[in-house]
Amino acid sequence: MLELRHLHMLKALVESGNLSRAAQRLHLTQSAISHQVKQIEDHYGVPVFERKTQPLRLTVTGRRLHVLAETVLAQVAEAERDIARIVEGQVGRLRVAVECHTCFEWLMPAMDIFREHWSEIELDLVSGFHADPLALLREDRADLVVVSEHRNHAANGVVYHPLFGFEIIGIVSRLHRLAQNEYLTPQDFTDETLVTYPVPEEMLDVIRIFLKPHGVEPKRRTAELTVAILQLVASRRGISAMPNWAVQGYLKTGYVQGLRLGKEGLFGELYAVTHGEAAKTAYMQDFLETVRTVSFNTLPGLIPLSPA
Numbered sequence: 001m002l003e004l005r006h007l008h009m010l011k012a013l014v015e016s017g018n019l020s021r022a023a024q025r026l027h028l029t030q031s032a033i034s035h036q037v038k039q040i041e042d043h044y045g046v047p048v049f050e051r052k053t054q055p056l057r058l059t060v061t062g063r064r065l066h067v068l069a070e071t072v073l074a075q076v077a078e079a080e081r082d083i084a085r086i087v088e089g090q091v092g093r094l095r096v097a098v099e100c101h102t103c104f105e106w107l108m109p110a111m112d113i114f115r116e117h118w119s120e121i122e123l124d125l126v127s128g129f130h131a132d133p134l135a136l137l138r139e140d141r142a143d144l145v146v147v148s149e150h151r152n153h154a155a156n157g158v159v160y161h162p163l164f165g166f167e168i169i170g171i172v173s174r175l176h177r178l179a180q181n182e183y184l185t186p187q188d189f190t191d192e193t194l195v196t197y198p199v200p201e202e203m204l205d206v207i208r209i210f211l212k213p214h215g216v217e218p219k220r221r222t223a224e225l226t227v228a229i230l231q232l233v234a235s236r237r238g239i240s241a242m243p244n245w246a247v248q249g250y251l252k253t254g255y256v257q258g259l260r261l262g263k264e265g266l267f268g269e270l271y272a273v274t275h276g277e278a279a280k281t282a283y284m285q286d287f288l289e290t291v292r293t294v295s296f297n298t299l300p301g302l303i304p305l306s307p308a
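Under UniProt numbering, the first residue of the sequence shown is numbered 1, with each subsequent residue one higher.
In C-alpha cells, the structure reads:
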C-alpha cells in the first residue's frame with residue numbers, strides 16, 4: 001500500500017538528488033530509504049528510479065508518483081492548516097528578526113509563501129540589523145529570531161529550532177596569489193585585509209573559530225552589502241569569507257574564487273529561536289517548515305541539522 005511516508009521519501013529523493021542527502025533531510029538511515037523504495041517497487045512491480053544514475057533519475061512510473069507526491073502532500077499541508085485554524089481560531093502576529101546580513105536571500109521568499117497560506121497572521125520583519133536578537137524576544141519586540149549559534153537558554157523559556165547547516169568559504173580575487181591554493185589556512189590571512197559586514201568580531205565564525213584560536217588577527221575593513229564586499233575582493237583590496245550559498249552567483253562570474261577554509265572546511269549553522277508557547281502554534285510550526293523547504297529547494301550545498 002502506498003503511504004504518505006513513501007510520498008515524503010520520493011519528494012525528498014528528487015529534491016536532494018541522492019540517497020545520502022535525502023536520508024539526512026528525513027533523519028532516516030540510507031537503508032531505511034532503500035527499503036521504502038523497494039516497498040513501492042514491489043507494490044507496483046516496476047522500478048521507480050533508473051539504476052546507477054547521478055543525480056537520481058525517475059522512471060515513467062517514478063515521475064507519475066512524484067507528481068502525485070507533490071499534489072497530495074500540498075493538499076495534506078493545506079488541510080492541516082485549515083484544521084489548525086478551526087481548532088485554534090488562529091489570529092496573531094509573527095515578527096521576525098535576524099542577526100545575519102545574508103539571511104534575506106531565503107527569508108523573503110519563505111515569508112511570501114507563508115503570507116499566501118496564513119493571510120490572517122500579521123507577518124512583519126523587524127527592521128535593522130540586530131547584534132543581540134535574543135534581547136528582542138525577551139523584550140517582546142520579536143516573536144522569532146534567526147541566530148547562528150545554539151546557546152543553552154532553556155531556563156529562559158526559549159526553544160531553538162534547527163534550520164540548516166552550510167559551509168563558509170574563503171573568497172579571493174581570481175588574480176590573488178592565494179587563488180591557486182587548494183584551501184586557505186589561518187596563516188594565509190596574516191598579511192591580508194579581511195572584508196566583512198560591519199558586525200562585532202565575536203559574531204563572525206571566520207574570526208571566532210578559524211583565525212583567533214591560531215592567534216591570527218588580520219586588518220579588517222567593512223561594507224554593508226554583499227556586492228560591495230565582493231567588489232573589494234575582486235579588486236584585490238582584501239579577502240573575505242561567506243556562506244557558500246550566498247556567493248554562488250558571484251563565483252560564476254569568474255571575478256572571485258572560492259576556497260575551502262582549512263583542509264576539512266569551516267561550517268556554520270542557523271537556528272530559529274522562539275518562546276516555548278509560540279512554538280506550539282500551528283502557524284509558527286508551518287513557518288519553520290516553510291523556511292526549511294524553501295531553503296533546501298533554492299540554496300546549494302545545505303546540510304540538514306538534527307532536531308535540537
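C-beta atoms are modelled at their ideal positions from N, C-alpha and C, and glycine is treated no differently.
Next item on the list: Consult DSSP for V147 and reduce its assignment to one of helix, strand or coil.
Entry: Here residue 147 refers to the residue found at position 147 of the sequence shown. V147 falls in the strand class under three-state DSSP.
Item checked: For K263, three-class secondary structure by DSSP -> Reading the sequence shown from its first residue, position 263 is the one you call residue 263. Of the three classes helix, strand and coil, the one that applies to K263 here is coil, per DSSP.
Next item on the list: Give me the Cα-Cα distance between V60 and L305, rounded to the nearest whole angstrom.
Entry: Numbered from its first residue, the sequence shown carries residue 60 at position 60. Numbered from its first residue, the sequence shown carries residue 305 at position 305. So the two alpha carbons sit approximately 32 Å from each other.
Note to self: Using 8 Å as the threshold, is the C-beta distance between R221 and L211 below it?
What the structure shows: Taking the sequence shown and counting its residues from 1, one reaches residue 221 at position 221. Taking the sequence shown and counting its residues from 1, one reaches residue 211 at position 211. Contact: no.
Item checked: Top-ranked residue by Cα proximity to K263, from L299, I168, E289 and G238 -> As a working note, residue 263 is residue 263 in the sequence shown. Selected option, being the one with the closest Cα: I168.
Next item on the list: Assuming M242 and T102 form a contact by the criterion Cβ under 8 Å, report the distance between their Cβ atoms to the nearest whole angstrom.
Entry: Start at 1 with the first residue of the sequence shown, and residue 242 comes out as number 242. Start at 1 with the first residue of the sequence shown, and residue 102 comes out as number 102. That pair is a contact at about 7 Å.
Check: Using 8 Å as the Cβ pair cut-off and three pairs as the minimum, do the stretch 121-128 and the stretch 94-109 touch?
Finding: yes
Next item on the list: Evaluate the contact criterion for the stretch 55-69 versus the stretch 6-16: three or more CB pairs, one atom per stretch, below 8 Å.
Entry: With a cut-off of 8 Å, the stretch 6-16 and the stretch 55-69 count as touching, because enough Cβ pairs lie within range.
Next item on the list: From the DSSP output, in three-state form, read off T274 for me.
Entry: Here the question's residue 274 lines up with position 274 in the sequence shown. Residue state, collapsed to three classes: strand.
Next item on the list: Quick one: using the 10 Å Cβ neighbour count with 16 as the cut-off for buried, is I83 buried or exposed?
Entry: By one-based count along the sequence shown, residue 83 stands at place 83. Exposed.
Check: Between the Cα of N244 and the Cα atoms of P300, L163, Q36 and I113, which residue gives the shortest distance?
Finding: Position 244 of the sequence shown, counted from the start, is the residue given in the question as residue 244. Nearest option by C-alpha distance: P300.
Margin query: Could you give the first and the last residue of the continuous alpha helix (DSSP H) run that contains T293?
Written below: Start at 1 with the first residue of the sequence shown, and residue 293 comes out as number 293. A282 to T298 is the span of the alpha helix (DSSP H), which, as asked, contains T293.
Checklist line | Segments of 4+ residues assigned as alpha helix (DSSP H) that fall wholly inside the stretch 157-191 | finding: Complete alpha helix (DSSP H) runs here, min 4: none at all.
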